[in-house]
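This report refers to the structure that appears directly beneath it.
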Amino acid sequence: MPRFAANLTMMYNEHAFLERFAACARDGFRAVEYLFPYEHPAAEIRSRLDGNGLVQALFNAPPGDWAAGERGLASLPGREDEFRRSVETALGYARTIGNDKLHVMAGLIGADGERARHHETYLRNLAWAAEAARGDGIQILIEPINQRDMPGYFLSRQDEGQAICREVGAPNLRVQFDCYHCQIVEGDVAMKLKRDIAGIGHIQIAGVPERHEPDLGELNYPYLFDVIDALGYNGWIGCEYRPKAATSDGLGWLRPYLQAAQ
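Laid out in structure tokens, this is it:
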């Protein structure tokens, strides 16, 4: 039976961020994820989780200057010290909030960027992050992201993500498998899940191509949820989509799963 986490960066934007925890709990969610928690004290977020019976599934390490267009630091040569500080900040939050998964974004590479140099930087930084997180029992995640939504992002394909994890060789490094990104870049989502499930640390969903609710668009999510169950995945599935209208009004797709879990 799939277990779903509400992505509070994209969902429940009708409410202020700290009010989204209660809103999603009222709708039946039992876990949350989001991009970044750093505008709020970790203790305040933990209070919202505990007060609403929610589990924190994951969040991202600081990505550099997001407002200026940066999308992560992990592959950026010359930014290693900043990357390490970002991971240390994220681990401090995770120790309080209680999640055991942390996504570190790779960053952008320009058209004239030296891909080999970015690759080596990525490997070194991921090895450092995995070792830094290991003592806390935290898994480091990397995510292939499509070039339409994030042009220039260093990592786009599932096989590349799995290969990087093998190169690093850390037992707590896994791929964050977003079905939305995979469908846009590669398609054949069910077969990618079957091929890579041993190296997948977290799964996310959204409708394709508009990134609305998962019952809208070209992917057959009920089928994919059956595949995921059959593969033995028991982690959270993050709902990282932009509701077409009010969030609660678009949750008809979720209600059968909540009823079956009762």
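Numbering (UniProt numbering), first residue to last: 1 to 262.
From the three backbone atoms N, C-alpha and C, an ideal C-beta is built for every residue, glycine too.
Just so we're clear, the structure is a prediction, and the values are computed from it rather than from any experiment.
Straight-line gap, Arg255 to Pro222 (C-alpha atoms, nearest Å): For the pair Arg255 and Pro222, the Cα-to-Cα distance works out to about 13 angstroms.
Under 8 angstroms between C-beta atoms of Val189 and Cys182: Cys182 sits close to Val189, with the two beta carbons spaced by under 8 angstroms.
Buried or exposed (CB count within 10 angstroms, at least 16 for buried), Lys194: Under this definition Lys194 is an exposed residue.
Whole alpha helix (DSSP H) elements within the region 213-251, 4-residue minimum: You should have 221-230.
Inter-residue Cα distance where the pair is Ile237 and Met191: Near 18 angstroms, if we compare the C-alpha coordinates of Met191 and Ile237.
His40 versus Ile197, Leu18 and Ala57, residue with shortest Cα-Cα distance: Closest by alpha carbon: Leu18.
Alpha-carbon spacing of Tyr12 relative to Arg166, whole angstroms: Between the C-alpha atoms of Tyr12 and Arg166 there is a straight-line separation of about 37 angstroms.
Cβ neighbour criterion (16 or more within 10 Å) applied to Thr89: Thr89 is exposed by the Cβ-count criterion.
C-alpha distance - Gly152 paired with Ala67, whole-angstrom precision: For Gly152 and Ala67, the distance between alpha carbons rounds to 16 angstroms.
Candidates Ile145, Met150, Ala170 and Asp149, of which the one nearest Asp159 by Cα: When only C-alpha atoms are compared, the closest one is Ile145.
Buried versus exposed, by CB contacts within 10 Å (16 or more), Ala57: By the 16-neighbour rule on beta-carbons within 10 angstroms, Ala57 is buried.
Cβ pair Arg134, Asn172 closer than 8 angstroms: Their beta carbons are under 8 angstroms apart, which means Arg134 touches Asn172 by this criterion.
Distance CB(Lys101)-CB(His202) smaller than 8 angstroms: The beta carbons of Lys101 and His202 sit closer together than 8 angstroms.
Opening and closing residue of the beta strand (DSSP E) in which Glu33 lies: Glu33 -> beta strand (DSSP E) spans Ala31 to Glu33.
Nearest residue (CA-CA) to residue 343, options Ser248, Gly232 and Pro243: Only positions 1 to 262 of the chain appear in the structure, and residue 343 is not among them; the question remains open.
One or two residues paired with Asp178 in a DSSP bridge: Per DSSP, Gln204.
Span of the alpha helix (DSSP H), counted from its first residue to its last, around Gln162: Looking at the DSSP string, the run of the alpha helix (DSSP H) that includes Gln162 is Gln158 to Val168.
Proximal residues to Val227 (C-beta, below 8 angstroms), its chain only, five neighbours per side dropped: Around Val227: Ala190, Leu193 and Lys194.
Leu108 (DSSP reduced to helix, strand or coil): In the three-state DSSP reduction, Leu108 falls in the strand class (E or B).
Burial state of Asn234, where buried means 16 or more other Cβ atoms lie within 10 Å: With a 10 Å radius around the Cβ and a threshold of 16 neighbouring Cβ atoms, Asn234 comes out exposed.
Option in Gly217, Val87, Arg71 and Gln259 with minimal Cα separation from Ala106: Nearest C-alpha to Ala106: Arg71.
Bridge-paired residues (DSSP) for Leu102: The secondary-structure analysis by DSSP pairs Leu102 across a beta bridge with Phe59 and Ile140.
Reduced DSSP secondary structure (H/G/I, E/B, other) of Arg46: Arg46 falls in the helix class under three-state DSSP.
Buried or exposed (CB count within 10 angstroms, at least 16 for buried), Gln162: So Gln162 ends up on the buried side.
Boundaries of the alpha helix (DSSP H) in which Phe83 is found, first to last residue: Run containing Phe83: Glu80 to Ile97, per the alpha helix (DSSP H) assignment.
Nearest candidate by alpha-carbon position, reference Ala6, set Gly51, Ala42, Phe177 and Val55: Looking from the CA of Ala6, the closest CA among Gly51, Ala42, Phe177 and Val55 belongs to Val55.
Residue(s) in a DSSP beta bridge with Tyr153: The partner list for Tyr153 (beta bridge, DSSP) reads Leu108.
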